Every structure is written in C-alpha cells, then in structure tokens.
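Below: one structure, written as structure tokens.
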Ligand SMILES: *[C@@H]1O[C@H](CO)[C@@H](O)[C@H](O)[C@H]1NC(C)=O
Ligand SMILES: *[C@@H]1O[C@H](CO)[C@@H](O)[C@H](O)[C@H]1NC(C)=O
Ligand SMILES: [Cu+2]
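Numbering (mature numbering (1 follows the signal peptide of the UniProt record, and there is no 0)), first residue to last: -20 to -1, 1 to 232.
Structure follows, in structure tokens:
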C-alpha cells in the first residue's frame, strides 16, 4: 500500500470541499437553544432569519492574521456585520457551542474571547475596529495528555464546547469570539487556519469586574505571524503547544 506523508493527506482532505471544515451551527446559552448563522441557508432564506451570530461567508478559514476578518470572519477584509438578536446570559452561566462535522486532521486549540461593547454603543450595531483593544480570553484548551482540543476532545463531547462566563464579570453587552485554530498546515506562515464565530451577548448579574489592560488585545493585533503557536509543526514530535494570545482572564 502506498503511504502518503500526513501533511499531504491533510492538504488533500482540505481540498475535498466545503464539508471538510466547520462552524458552530447551534448553541445553548444558559438553557436557551439558538441556531448559529447558517452560511449555506440563511442568505437564501426570505425573510432572512434573525440570529445572535454575526454572518460568516462560509465554512472555510481566515489565514491572514492582519485582516479585520480575523475578528469574526466577514469577507473581503471588511470585518463582520452585526446581527439582529442578543442572547442573555448571567455572569457564571454556561454556553455550549455545537460544531458541524470537524475533520480529525484539523488538530489545534479551541479558544474563546469576549469583547466588551463600549458604553454608548450597542452590540447590534458595534463594529470593532482593528485598533479597539477590547478582547480578553475566557477559555482556552490546546494540547494536553496527548489530546488536541479541536479534534480528540471536541469529538468526545458530541462536537460541543462549553464555556463559562466568569462569575465576577460586570454586566453589559459583549461579543463572544469562539475559535478553532487548525494547525495541519501551520509549519509556515500563513498556514494556520482560523475558524471563528461571533455571538452577541447581554451579560446580566451583579459582577463588578472587567480585565485590566494586560489581558486585552485587538483583532487584528492579538495574533501576529511570530506569536508562539501560530507557526507550529504538528508532524514533528512535541510535548506541549503554546496557545496563542493573552493569558486567560481568571475573573480577578
Ligand atoms: C471566512 O472568510 C473567508 C474569506 O472571507 C471565507 O472563505 C471562509 O469561508 C470564512 N470562514 C468561515 C468559517 O465562515
Ligand atoms: C449532540 O448535540 C446535538 C446538537 O446540540 C444535539 O441535538 C444532540 O442531542 C446531542 N447528542 C447527544 C447524545 O447529546
Ligand atoms: Cu479544512
């Protein structure tokens, strides 16, 4: 039997078409189920379904970390458009995100950020610019005990990733940026594939905290071609993986 290098197999799997990648198709926010934005249905449905998720052009990745599309996808470098709806979640509440079929070749981390909407703006109209330093990490998993978060762990959890809104978080409107970084072609830059979905949240409760500036990044800006973990060779031996971006904010 002919054997192919694993890297080549991953490229072939990716070229097989739309079914090869993924996005969040459904999510549960503190007990209420919502559909994600469905890129192959919503644009063709009249009237257009109202979502809590900002539109994405398809199920493919962004690979250029300098584009505004690295925030929430969008298309053509212009970034995301706001969605009509907002989901309510109490500080301390859970959000379970279900991904469509995810190829086992697409190993990598699963990372979730929140971005606070500036006072005076509404999440249903706010378009963060590339210099808005608002994004902080609330959850991140990479490679632990020989398992990758985006493949081994996600598939063992019914393709569902659950994040907890920090219980100390101050109420207000936030954009939640949930992403998988697929590393199967990340030996050079550009190569890592960024699959992100952004959801509009109203956080309720009596929290009083927001992270200090050392936890905050902009997108673009939060990742560069030289950020550890953006270039990474998953086909050579390694024992750990540096998850890109700022430290996870622990709520203090
Ligand atoms: C992200 O954007 C790119 C380029 O605009 C597009 O090809 C791709 O399908 C999008 N990915 C997702 C997950 O929507
Ligand atoms: C897996 O997730 C889907 C989507 O949320 C859900 O409809 C299904 O019931 C789940 N299956 C199990 C076994 O939990
Ligand atoms: Cu792919």
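Even glycine gets a Cβ: it sits at the ideal position worked out from N, Cα and C. Note that this is a predicted model, so its numbers are computed, not measured.
Proximity below 8 Å, CB of residue i to CB of residue j
i	j	result
residue 174	residue 155	no
residue 150	residue 163	no
residue 7	residue 179	yes
residue 225	residue 183	no
residue 116	residue 195	yes
residue 62	residue 34	yes
residue 148	residue 73	no
residue 39	residue 80	yes
residue 211	residue 87	no
residue 1	residue 41	yes
residue 89	residue 120	yes
residue 12	residue 67	yes
residue 153	residue 102	yes
residue 229	residue 170	no
residue 53	residue 37	yes
residue 168	residue 76	no
residue 106	residue 221	no
residue 166	residue 104	no
residue 82	residue 48	no
residue 97	residue 9	no
residue 201	residue 110	yes
The alpha helix (DSSP H) enclosing residue i, as first and last residue numbers
i	result
residue 49	49 to 52
Bounding residues of the beta strand (DSSP E) (the contiguous stretch that carries residue i)
i	result
residue 7	4 to 9
residue 181	173 to 184
residue 14	12 to 15
residue 23	No beta strand (DSSP E) contains residue 23, which DSSP labels as neither H nor E.
residue 211	Element bounds for residue 211: n/a, residue is neither H nor E.
residue 69	67 to 70
CB contact below 8 Å: residue i versus chain B
i	result
residue 59	Considering every chain present, this structure includes no chain B. It has just one protein chain.
Quick check on the DSSP output: what are the complete beta strand (DSSP E) runs of length 3 or more inside the stretch 74 to 124, in order along the chain? 74 to 79, 90 to 96 and 115 to 121
- Query: Is the number of C-beta pairs between the stretch 143 to 159 and the stretch 83 to 102 that are closer than 8 Å three or more?
  - Reply: yes
ask   = With distances taken from each beta carbon to the nearest heavy atom of ligand 2, which residues come in below 6 Å, in chain order?
value = 6, 78, 138 and 140
Start-end ranges of the beta strand (DSSP E) lying completely within the stretch 120 to 153, minimum 3 residues:
140 to 144
Taking 8 Å as the threshold, find out whether the stretch 206 to 215 comes into contact with the stretch 55 to 74 through three or more Cβ pairs. no
Say whether the stretch 22 to 31 touches the stretch 121 to 135, bearing in mind that this needs 3 or more beta-carbon pairs closer than 8 Å, one atom from each stretch. no
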